[in-house]
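Everything below concerns the one structure shown next.
Number of protein chains: 2
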Amino acid sequence: MTTPTEVPRTVGVFLFEGFEPLDVFGPVQMLGALRDQFHVVMLGPEAERPVTSSLGQRVLADRAWDDAAPLDIIMVPGGQGTRVEVANARLLTAVRRHAETSELVTSVCTGAAILAAAGLLDGRRATSNKRAFAWVQSQGPAVEWIAEARWVEDGHYVTSGGVAAGIDMALYLIARLHGTELAEQLASRLEYRWNSSASDDPFAAYQGLV
Amino acid sequence: MTTPTEVPRTVGVFLFEGFEPLDVFGPVQMLGALRDQFHVVMLGPEAERPVTSSLGQRVLADRAWDDAAPLDIIMVPGGQGTRVEVANARLLTAVRRHAETSELVTSVCTGAAILAAAGLLDGRRATSNKRAFAWVQSQGPAVEWIAEARWVEDGHYVTSGGVAAGIDMALYLIARLHGTELAEQLASRLEYRWNSSASDDPFAAYQGLV
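Read top to bottom, the protein sequences are chains A and B. So that you can map any letter, position 153 of the first sequence is 153 in our numbering, and since no number is skipped, the others follow by simple counting. The number in our numbering is simply the position in the second sequence, starting from 1, with 1000 added.
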């Protein structure tokens, strides 16, 4: 089902009204800084129109969600806007269609609720934001939700915990595709202490989930 | 010199062509998530015009740099664009004028080079990105540059190390203004492990500076 992959891989980030800024720009910083390996594209309801984050910042979309140009990696962020977008048939259809041909399908935070609502996580293991975990679970009753995890990988799906967890997942994607050394070098260059263990998650306990 | 402060404080982020995305959206996520305490405004060359990051994402400015509306906190990010902007008289004048009346003047990464080029750091202690440290030093020969520091506070100036260090500095600003407990709660809510010690910086050694 996956298309042959050329480097740089195209990473499509699905913006929607009320996306969480760090969910987007943590992974975008990590992947985008490796220009030879990744090319990041911002997708929105309409090309060349601004999409407003949960905190008010406006980011222009490069392409529309349903633009047919292929994506190697899909990234769905979370944020307050997911509460509305899980019922947005146009967004869910676009995510589903891209997921059929992309090499990796990823989410940060409550972005997993959108993947779940699209039916993509049924029968799979996944994680999400720990503070909104019960709501996310309600969007995918057939998903095996893992509360205590920084990120969870199942086949070509990689879902991360809340907000800052997306940075660690992005570094894991780099390690998976290009080796741990490059991920570690990049983290040090960007003065980031990578939490490189998928199972090391104190925030599930913090939110009373374990 | 500082104006009386009302809460929420207005945080003005100075965007310019080639700003580093995480330098901006790390601190914006931390401060902006506390709506009762902070109101974040994006400043750019022109109001309502997009500013393109070093990695290609376009963010709309809410106000122009030289808009006279007061700012309680100034935040100057870094990025490749600083190489050009240290010679941009209009930007330096705007930063200087806002710095005269604002409660706190902060920078992330090579944003310190802009504060230095504006003459604001002369005789003060400051830090910056560790990878571009020599270049930043050249922009402020009268600044006491501290290589090994996650962030440095001197009076109402707070400068941070590179890229991800801005997140830790933003949490410190929250702790300074509203107490450590709120900063720690926010970090846990956003699933972020705060590096809460200003002097704990492994990246100066990584870049051979100490």
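Even glycine gets a Cβ: it sits at the ideal position worked out from N, Cα and C.
Expected contact under 8 angstroms - CB spacing of residue i and residue j to nearest Å
i: Val222(A); j: Val11(A); result: Residue 222(A) lies beyond the range of chain A shown here (1 to 210); nothing can be said about it.
i: Ser102(A); j: Ile73(A); result: 6 angstroms
i: Tyr157(A); j: Arg124(A); result: 6 angstroms
i: Thr127(A); j: Ala149(A); result: 4 angstroms
i: Gly26(A); j: Gly166(A); result: 5 angstroms
i: Leu1043(B); j: Arg1063(B); result: 5 angstroms
Residue range of the unbroken beta strand (DSSP E) whose run includes residue i
i: Glu181(A); result: Run containing Glu181(A): none in the beta strand (DSSP E); it sits in the alpha helix (DSSP H), Thr180 to Arg189.
i: Glu85(A); result: Element bounds for Glu85(A): not the beta strand (DSSP E) but the alpha helix (DSSP H), Thr82 to Glu85.
i: Leu1060(B); result: Arg1058 to Leu1060
i: Arg1049(B); result: Where Arg1049(B) is concerned, there is no enclosing beta strand (DSSP E), given that its DSSP letter is neither H nor E.
i: Asp67(A); result: No beta strand (DSSP E) contains Asp67(A), which DSSP labels as neither H nor E.
i: Ile73(A); result: Ile73 to Val76
Beta carbon proximity, residue i to chain B, threshold 8 angstroms
i: Met75(A); result: no
i: Val163(A); result: yes
i: Leu190(A); result: yes
i: Tyr172(A); result: no
i: Thr2(A); result: Any reading at Thr2(A) is ruled out, since the residue's pLDDT is 47, under 50, leaving its predicted position unreliable.
N-terminal and C-terminal residue of the alpha helix (DSSP H) that residue i is part of
i: Tyr1206(B); result: Phe1203 to Tyr1206
i: Val136(A); result: Phe133 to Ser138
i: His1098(B); result: Ala1089 to Thr1101
i: Pro22(A); result: First, the amino acid is wrong: residue 22(A) is Leu here, not Pro. Start and end: Pro21 to Gly32.
i: Gly1162(B); result: Looking at the DSSP string, Gly1162(B) is not in any alpha helix (DSSP H), and its letter there is neither H nor E.
Cross-chain neighbours of residue i in chain A, by beta carbon under 7 angstroms
i: Gln1139(B); result: Those within 7 angstroms of Gln1139(B) in chain A number zero; the least Cβ separation is about 19 angstroms.
i: Gln1057(B); result: Val28, Met42 and Val59
i: Pro1050(B); result: Leu60
Where residue i meets chain A, residues with beta-carbon distance less than 9 angstroms
i: Pro1008(B); result: Per Cβ cutoff of 9 angstroms: no residues; Pro1008(B) is ~12 angstroms from chain A at best.
i: Phe1016(B); result: Those within 9 angstroms of Phe1016(B) in chain A number zero; the least Cβ separation is about 16 angstroms.
Selected residue, minimal CA-CA separation from residue i, among the options
i: Ala69(A); options: Ala89(A), Val86(A), Ala99(A) and Arg49(A); result: Ala99(A)
i: Met1169(B); options: Pro1021(B), Ala1205(B), Leu1182(B) and Trp1194(B); result: Trp1194(B)
i: Val163(A); options: Asp122(A), Ala204(A), Ala113(A) and Asn129(A); result: Asn129(A)
i: Thr1082(B); options: Gly1044(B), Gly1111(B), Leu1043(B) and Gln1029(B); result: Gly1111(B)
i: Pro8(A); options: Ile174(A), Pro202(A) and Ala205(A); result: Ile174(A)
i: Ala1113(B); options: Arg1035(B), Met1075(B), Val1095(B) and Gln1139(B); result: Gln1139(B)
i: Arg1097(B); options: Trp1145(B), Trp1065(B), Thr1106(B) and Pro1141(B); result: Trp1065(B)
i: Arg1189(B); options: Phe1014(B), Val1024(B), Gln1029(B) and Arg1090(B); result: Gln1029(B)
i: Met1075(B); options: Ser1199(B), Leu1104(B), Pro1202(B) and Ala1047(B); result: Leu1104(B)
i: Asp1200(B); options: Tyr1192(B), Glu1191(B) and Val1152(B); result: Val1152(B)
i: Ala1132(B); options: Glu191(A), Glu85(A), Cys109(A) and Ser107(A); result: Glu191(A)
i: Thr1093(B); options: Leu1071(B), Ala1117(B) and Gly1079(B); result: Ala1117(B)
Neighbouring residues, chain A, relative to residue i (Cβ below 8 angstroms)
i: Ala1033(B); result: Leu55
i: Tyr1206(B); result: Ser188
Contacts that residue i makes with chain B (C-beta to C-beta distance below 7 angstroms)
i: Asn195(A); result: Arg1193
8 angstroms Cβ cutoff, residue i in contact with chain A
i: Pro1021(B); result: yes
i: Phe1133(B); result: no
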